[in-house]
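Residue numbers (my numbering): 2 to 130.
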């Protein structure tokens, strides 16, 4: 998604936040954050292809808010989301803007989107088992 954004918005400033969901607990863990120094003065496009539980995205939003970004200046942009995750995010961050291409049916017991498309990271990076 980042390359598509760069192709369209050539002067955009890019920050990086790496959060990974623990597959056993479904809890997010922050591994890395590097944001532009003036991020508090900007609109933020938060790009994440899949939104299941919302845990990783909410952790990222917390990082952005701690950096001074106003909640209503964050646009969460994704491809597919589970309704449970989108509702959870909007309950916690009611001023957040969400733009998605598809809201799927639900999540399974392992917290994967149904019907979904499998693990996006595995598919994108070719690391499927």
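Virtual Cβ for every residue (Gly too), placed ideally from N, Cα, C.
- Under the Cβ criterion (8 Å, minimum of three pairs), the stretch 59–74 counts as touching the stretch 15–31.
- Residue 61 sits in a helix when the DSSP states are folded into three classes.
- A direct Cα-to-Cα measurement between residue 111 and residue 24 gives close to 8 Å.
- Three or more beta-carbon pairs separated by less than 8 Å are not found between the stretch 23–43 and the stretch 81–89, which leaves the two stretches without contact.
- Secondary structure at residue 80: strand, using DSSP grouped into helix, strand and coil.
- Where residue 22 is concerned, the enclosing beta strand (DSSP E) starts and stops at 17–22.
- For residue 34, the uninterrupted beta strand (DSSP E) segment begins and ends at 29–35.
- Residue 2 and residue 50 do touch by the CB rule: their CB atoms are close to 6 Å apart, below 8 Å.
- Note that the C-beta distance between residue 60 and residue 80 is not below 8 Å.
- Cα atoms of residue 29 and residue 22: separation of roughly 4 Å, rounded to the nearest angstrom.
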